[in-house]
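Quick note on our numbering: the sequence shown kicks off at 93 and runs consecutively. Using N, Cα and C, we set each Cβ at its ideal position, and we do this for glycine too. Here is the structure we will look at.
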Amino acid sequence: MYQIKGDVETIERVANRTEVIVDDGTNQVSYSLDEALIEFGAALEYKGLDRAVEILEPLELTPETEANWKTVAKMALEQ
Numbered sequence: 093m094y095q096i097k098g099d100v101e102t103i104e105r106v107a108n109r110t111e112v113i114v115d116d117g118t119n120q121v122s123y124s125l126d127e128a129l130i131e132f133g134a135a136l137e138y139k140g141l142d143r144a145v146e147i148l149e150p151l152e153l154t155p156e157t158e159a160n161w162k163t164v165a166k167m168a169l170e171q
């Protein structure tokens, strides 16, 4: 996670890479986004729990991925 200061100018997606371009008032700064987390969010939005699990399985267990696993478990129980 990044603390972003400034206004988002654009979001660029090129060759399986997504970047947010931010204008901080004096410079434009580029932030790379995590493609796995973007895809994970899309899978959850469309109730693709199987796909969400496929995305999470190869990722290192961090506090963020652990929270994502808990989200998948909660959604599975609600179905």
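When we look at the beta-carbon of L153 and count the other beta-carbons within 10 Å, is it buried (16 or more) or exposed?
Exposed.
How far does the alpha helix (DSSP H) with I130 in it extend, from its first residue to its last?
Counting along the chain, the unbroken alpha helix (DSSP H) around I130 starts and ends at 127-137.
For N108, does the count of other Cβ atoms within 10 angstroms reach 16, so buried, or fall short, so exposed?
Burial is judged here by how many other beta carbons sit within 10 angstroms of a residue's own beta carbon; N108 has fewer than 16 and is exposed.
Just the Cα atoms here: how many angstroms apart are D99 and N160?
Spanning the alpha carbons of D99 and N160 requires a straight line of approximately 28 Å.
Comparing alpha-carbon positions, which option in K97, N119, E127, A144 lies nearest I167?
It should be noted that the sequence gives Met, not Ile, for residue 167. If we check each option's Cα against that of M167, A144 comes out closest.
Quick check on the DSSP output: what are the complete beta strand (DSSP E) runs of length 3 or more inside the segment 101-130, in order along the chain?
Complete beta strand (DSSP E) runs here, min 3: 109-115, 120-124.
C-alpha gap between V106 and E170, whole angstroms
Rounded to the nearest whole angstrom, the C-alpha separation of V106 and E170 is 36 Å.
Going straight from the alpha carbon of I96 to that of V114, what length do you get?
When rounded, the separation of the alpha-carbon atoms in I96 and V114 is 8 Å.
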